[in-house]
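Novice:
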Amino acid sequence: MIEALLQGFSVAMMPENLLFIFIGVLIGQVVGALPGVGPAAGMALLLPLTFGLEPVTAIMMLAGIMYGGQYGGTLTSVLINVPGEASGVMTAMDGHAMARQGRAGAALAIAAIGSFIAGLGAVLAVAVITPPLASIGLKFNAPEYFLLALLGVIAVGSLGDAPIRSLLAGVLGLLIALVGVDPLTGTPRLNFGIPALYQGIDFIPVAIGVFGIAEVLHSLERSEKVEPIRTRLKDMWLTSQDWAACRFSILRGGVIGLFVGIMPGAGASVASLLSYLTERKFSKHPERFGSGAIDGVAAAESANNAASHGALIPMLSLGIPGSASSAVLLAALILHGIKPGPMLMSTESALVWGLIASMVVGNLFLLILNLPMAPVFAALLRVPYVYLAPGILVISLVGAYAATLSMATVWMCIVFGLLGWLMMKLDIPRAPLVLALVLAPLMEASLRQALLLSLGSPMIFVERPISAVLLAAVLFALIAPIVRVMRKRP
C-alpha cells in the first residue's frame, strides 16, 4: 500500500496535475460559497470542459471541486446564515451565532482546520479500506452487481426524512434511463419518435438541469436580502480554550463522517447532523448548542468533509457512488473511457492512487487558501445573486452544448432544470434521481444477465452467499423507513 501511495504521489506531484488540483479546489471553494450552486452542480457544469485533459488530471480536478465545495459552503453558513447546501445547515446554527457575537473569524478558522484534519484522516481510510473492499468485489457476478446497484438506489430513500418521495425520485431516474435503445436487443424504446431521444438521455443535461439550473431558479425566488458580516485576517486566531473544546469534536466528527460517507445515499448532510447531535450529547454545556458553540461548528464541518472523502470508498472499490458528487465523478470516469468497478484498482492503479494522493495535496491547498483568504472569498457574498444568476445559467447551457454540439442537449437541460425546480418546490429530493440514472445501466444489464444465467429462475439471488447478504440488506433498507414512520405515529 505504501509503495502504491508513493506511486500516487509521483503522479499527483506532476506540475500539470498540481495546477489542476489547485484549480479544482479553488473552483470548489467558489461554487461552495455561492448559495444555489454546490459541488455536485459545479462538477456537472465543468464536466464537458474536461474532455481535452488526461483522465487522471480531469478526475483529480473534479474531485478537488467535490471536497473543496465543503470548505466553501462554510462561508455562507457562517457569514450570512444561508447554507450553500444541506450539509451546511448544522454549521449555520452555531457558526452564524458566533459571527453575530464578533467571532466569525474563529468559526471560519476552526471549520478550515477541522475539515483539514478530518479530510487527511479520511484520505488515509480511503487508502486502507478501498483495496480489500475491491478484492471482495472481484468475487461479484451479475446477481451481486444488480443487488448492489439496487441497494444504492434504495438506501438513498431509506435514510432521508421523506423515504417515499426519495424512492419515487429514484424510480423516476430509472425511467429516464430506459429512454433510448435496449442494450441487449437494440430495440428502440420510450423515444416517442423523437430523433434526439434515440441515443437515450445523457447524464450531463440531467445533472446540469436538476442541480445547476434548478438551484438558480429556486435561489432567485428568495427575495430577502441579508447583510454579510465582514471578517478580517487578524480575527482568524483561535484561543487555547477553543482548541481544548474542539480537539475531540474534530476526531468524533471525522470518524462519524467517514462511516456515514461510505453508506450509499447518506451523504455529508446526514453526517453533519449525526455528528452535531453526538457532540451535543458529549458536551458538558449542551445548552450552548444553537447559540454559538464552537465545538458544534468543528464537529459538523469535520463530519461533512470526511463524508465527502468517504463517499469515494464504495465508488472506487465497487463502482457505487455514495453521494450526488461522487455520482458525477463516476460519470466522469465513464465519459473518459474508464470502466468503474472492482477491477479499477488493478486496471487503473495509477489513476486510483494518484487520486488518493491528490486529496492530501488538495486539502493542504484548501487549508492555505482558507485561513488567509477567507475575507477575500467572503467579498463574493456581497455581489447580489441577481447578477450572478445569468452567468451561472450561461455557463450551464454552454457547457451542455459543448458536450454534444447539439441544441437538443440544451433543451433537455432546460426541461430538467424545470423538473428539478418543481421537485424542490414539492420537497422531493433530487439526488436519488441522479444516482438512479447513473446506476440504471448496471442494474438492467446485471439483472438480465443473472436471469439468463439461471434460465429465468430468481433463486440465483439467494443461492449465492454474497448475493443473499446483499438481498437481506436491500430488504432491510426497504423495511427500515416503514418501521421508522410507524414508530412516529401516536
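Mapping of the sequence shown onto UniProt numbering: position 92 corresponds to residue 92, and the numbering continues sequentially without gaps.
Ideal Cβ placement from N, Cα and C applies to all residues, glycine included.
Note that the structure is a prediction, hence the values are computed from the model and not measured.
Which residue or residues does DSSP assign as beta-bridge partners of A189?
Specialist: Here residue 189 turns out to be Arg, not Ala, going by the sequence shown. Under DSSP, the beta-bridge partners assigned to R189 are G180.
Novice: Apart from the five residues just before and just after M359, which ones in its own chain have a Cβ nearer than 6 Å to its Cβ?
Specialist: V123
Novice: Identify, in the order they occur along the chain, each residue of the same chain with its Cβ nearer than 6 Å to the Cβ of V25, setting aside the five sequence neighbours on each side.
Specialist: Cβ within range, chain order: G64, G68, G362, F365 and L366.
Novice: Grab me the residues of T56's own chain with a C-beta within less than 6 Å of its C-beta, minus the 5 sequence neighbours each way, in chain order.
Specialist: Reading off the sequence, residue 56 comes out as Val, not Thr. Within the same chain, V56 has close Cβ partners L351 and G354.
Novice: My understanding is that A33 touches L6, with C-beta atoms under 8 Å, so please give their C-beta distance in whole angstroms.
Specialist: Between L6 and A33 the Cβ distance is about 34 Å, and since that is not below 8 Å, they are no contact.
Novice: Quick check on H218: does DSSP put it in helix, strand or coil?
Specialist: helix
Novice: Out of A445, P458, V206 and F461, which one is the CA nearest neighbour of G420?
Specialist: V206
Novice: With L6 as the anchor, note down where its alpha helix (DSSP H) starts and where it stops.
Specialist: I2 to A12
Novice: Just to confirm the assignment, what range does the alpha helix (DSSP H) spanning Q241 have?
Specialist: S240 to I262
Novice: From L369 to V462, what does the alpha carbon distance come to, in whole angstroms?
Specialist: Taking the CA atoms as reference points, L369 sits about 52 Å from V462.
Novice: Excluding sequence positions up to five away, which residues of its chain have a Cβ less than 6 Å from the Cβ of Q327?
Specialist: A small correction: the amino acid at residue 327 is Ala; Gln does not occupy that position in the sequence shown. Correct list, in chain order: P321, V434, L435 and V438.
Novice: For P340, which residues of its own chain have a beta-carbon under 6 Å away from its beta-carbon, when the five flanking residues on both sides are left out?
Specialist: Scanning its chain for C-beta atoms nearer than 6 Å, with the 5 sequence neighbours on each side dropped, one finds around P340 the residues G319, L330 and L333, in chain order.
Novice: DSSP three-state label for G456, please.
Specialist: coil
Novice: In chain order, what are the residue ranges of uninterrupted beta strand (DSSP E) at least 3 long that sit wholly in the region 322-367?
Specialist: Counting whole runs of 3 or more residues, the region 322-367 contains no beta strand (DSSP E) stretch at all.
Novice: Only counting the same chain, and skipping five residues up and downstream in sequence, which positions put a Cβ closer than 7 Å to that of E348?
Specialist: Excluding five sequence positions before and after E348, the CB atoms of its chain that fall closer than 7 Å to its own CB belong to I338, given in chain order.
Novice: Is the number of C-beta pairs between the region 188-205 and the region 462-476 that are closer than 8 Å three or more?
Specialist: no
Novice: Taking the alpha-carbon of M60 as reference, which of P188, A97 and F20 has the nearest alpha-carbon?
Specialist: F20
Novice: Take I460 and list the residues in its own chain whose beta-carbon comes closer than 6 Å to its own, dropping the five residues that flank it on each side.
Specialist: P143, A450 and S454
Novice: Please tell me whether M412 and G209 are closer than 8 Å, where the distance is taken between their beta carbons.
Specialist: yes
Novice: Contact between the region 146-156 and the region 423-432: three or more CB pairs below 8 Å?
Specialist: yes
Novice: Please return the same chain residues whose Cβ sits closer than 7 Å to the Cβ of M336, not counting the five positions on each side in sequence.
Specialist: Checking the displayed sequence, the identity of residue 336 turns out to be His instead of Met. If the five residues before and after H336 are omitted, its C-beta is found closer than 7 Å to the C-beta atoms of P55 and A58, all from its own chain and listed in chain order.
Novice: If the criterion is Cβ atoms closer than 8 Å, does the pair S323 and D295 meet it?
Specialist: No, the pair does not count as a contact, with Cβ atoms beyond the cut-off.
Novice: Report the three-state DSSP secondary structure of F51 (helix, strand or coil).
Specialist: coil
Novice: Could you check whether the Cβ of G105 sits closer than 7 Å to any heavy atom belonging to the ligand COA?
Specialist: The ligand COA is not part of the structure shown, which contains no ligands of any sort.
Novice: If you compare alpha carbons, which of I27, R252 and L49 is closest to Y401?
Specialist: Relative to the Cα of Y401, the nearest Cα in the group I27, R252 and L49 belongs to L49.
Novice: Kindly indicate which three-state DSSP category H96 falls into: helix, strand or coil?
Specialist: helix
Novice: Report yes if the CB atom of T91 is closer than 8 Å to the CB atom of M345, and no otherwise.
Specialist: The answer is no: Cβ separation not under 8 Å.
Novice: Using 8 Å as the limit for Cβ to Cβ distance, is P465 near chain C?
Specialist: In the structure shown, chain C cannot be found, because there is only a single protein chain.
Novice: Roughly how many angstroms separate the alpha carbons of G114 and G254, rounded to a whole number?
Specialist: Separation of G114 and G254 (C-alpha to C-alpha, rounded to the nearest whole angstrom) is 8 Å.
Novice: Within 10 Å of its beta-carbon, does A472 have 16 or more other beta-carbons around it, so buried, or fewer, so exposed?
Specialist: exposed
Novice: Do you know offhand how far L46's Cα is from H285's?
Specialist: Each residue's alpha carbon lies about 44 Å from the other.
Novice: Select from T278, S219, D242 and W243 the residue whose C-alpha is nearest the C-alpha of I256.
Specialist: T278
Novice: Please return the same chain residues whose Cβ sits closer than 6 Å to the Cβ of S272, not counting the five positions on each side in sequence.
Specialist: S87, M90, A300, A303 and N304
Novice: Determine the closest residue to G28 out of L217, S325, T185 and S396, with distance taken between C-alpha atoms.
Specialist: S325
Novice: What did DSSP end up calling S115 once you bin it into helix, strand or coil?
Specialist: Of the three classes helix, strand and coil, the one that applies to S115 here is helix, per DSSP.
Novice: So what's A104 in DSSP terms, helix, strand or just coil?
Specialist: helix
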